[in-house]
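Below is one structure, written out as structure tokens, with a few remarks after it.
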Amino acid sequence: IIGGHIGLPILLIFSIFSKTAPRDLTFLNFCVTWIFSSVTFSVRLYHLGPASQYFEATLPFIDSVQECLNQGALVSGAQVMTDTAMCALIVQLWFDFRAAIRGPRSPRQIRWTRAMRLAAPYMSLLAFSLPGLSFQFQPGRLMASQQCFYCMLFNNNTFLISQYTVLVSILIVTLRFDGMLTLTVLPA
């Protein structure tokens, strides 16, 4: 909570307003996605309204099942969004080192790749949050406990498997670019 609600916003503000150390938009986008993810996981923490007797017994601190479903859907998408933002940041570092060694790319290539790196995390958020928002409440498909500040969706296995497949794929791409970055910086 301290990192995502206090530390990252302070870092983001200093990065935006610093005149001596300009930051790439991909780095700022990385910070924004982690702040969004942190807030998404903490929505229940901020909830101050009284809970009805029914929800108090089944979903503590939740005013409505729809609120918990919405948070569960956003939590599903936020995990993929932050991983995609991390991958975009590694790709940006690779492009920076590559440009330093081989020379700059064309302005058209720079604009296109920057747009893709900035949009990809939010596209992944939508791709994994929208299916969760369409679920109707069914017993056993929603989890909220007093030990954590967020609700989770236990949706069908196909959606869960596809989410983890995308996460592993992003990890593989990130590691691949990380390896390429290392080879670019430390030639054989």
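The sequence shown runs 4 to 191 under our numbering. Backbone N, C-alpha and C define an ideal beta-carbon position, used for all residues, glycine too.
query: Through-space distance from Tyr125 to Leu72, alpha-carbon basis; result: 19 Å
query: Contact the region 84-91 vs the region 30-39: 3+ CB pairs below 8 Å; result: yes
query: Same chain, Cβ closer than 7 Å to Val94, neighbours up to 5 away in sequence not counted; result: Arg120 and Phe180
query: Environment of Pro3 [buried if 16+ CB atoms lie within 10 Å]; result: Any property of residue 3 remains undetermined from this structure, which presents the chain solely from 4 to 191.
query: Sequence-distant residues of the same chain with beta carbon closer than 8 Å to Thr136, five excluded per side; result: Here residue 136 is Leu; the residue named in the question, Thr, does not match the sequence. Answer for Leu136: Leu72, Asn73 and Ala76, listed in chain order.
query: Contacts around Leu96, its chain only, beta-carbon distance under 7 Å, and the 5 residues preceding and following it disregarded; result: Leu184
query: Buried or exposed by the 16-neighbour rule on C-beta atoms within 10 Å, applied to Ile104; result: exposed
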